[in-house]
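Residue numbers (this note's numbering): 295 to 397. These notes are about the structure you will find just below.
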Amino acid sequence: MTAFVKEDFAWDGMYLMYRGRHSESVNMEVAHPNCHPSWIGKPKPAFIARFKYGSKPWKSWVNCLMDNYTVEGYLQACQESSPLEAVQAKGYKGRGRYKRMAA
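The following block contains the structure:
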């Protein structure tokens, strides 16, 4: 299992993506053979969350992921439910309100 690395998160104003390597990652040239040459050798970014309306508390979302999930564990949890339900199960309360749960 691969731990999240904070520097590998990419935020573009609506989508939060993870650009780090993990056990399920594939390179861009495999996922998209006609990709731009600058992407060759880099992992395909993994979708983490979409912040469509209202506040966009992506930093507290990242903190919740860093404290509670591995990359593979979060991606599996998102397949079983949704990104919001996955972080709410770990103590995220919405609109940037996240308090680390006691161990």
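Here a beta-carbon is modelled for each residue, glycine too, at the ideal position from N, C-alpha and C.
Enclosing alpha helix (DSSP H) for residue i [first to last residue]
i: M311; result: From DSSP, M311 is part of no alpha helix (DSSP H) but of the beta strand (DSSP E) over 309-312.
i: C372; result: 365-374
i: C358; result: 352-362
Closest by C-alpha distance to residue i, when choosing among the options
i: G263; options: F341, V324, F345; result: Because the chain is modelled from 295 through 397, residue 263 falls outside the range shown and cannot be assessed.
i: Y312; options: Y368, K350, S349; result: Y368
i: G348; options: P377, G307, C329; result: G307
i: C358; options: G385, K350, I342, P337; result: G385
Residue i - partner residues in DSSP beta bridges
i: P466; result: What the structure shows of the chain is the stretch from 295 to 397, and residue 466 is not part of that stretch, so it cannot be assessed.
Terminal residues of the beta strand (DSSP E) in which residue i lies
i: A304; result: 303-305
Reduced DSSP secondary structure (H/G/I, E/B, other) of residue i
i: A343; result: strand
i: A426; result: Because the chain in this structure spans residues 295 to 397, residue 426 falls outside the shown range and cannot be described.
Whole-angstrom distance between residue j and residue i, CA atom to CA atom
i: A379; j: G388; result: It is Glu, not Ala, that sits at residue 379 in the sequence shown. Near 11 Å, if we compare the C-alpha coordinates of G388 and E379.
i: V381; j: V356; result: 10 Å
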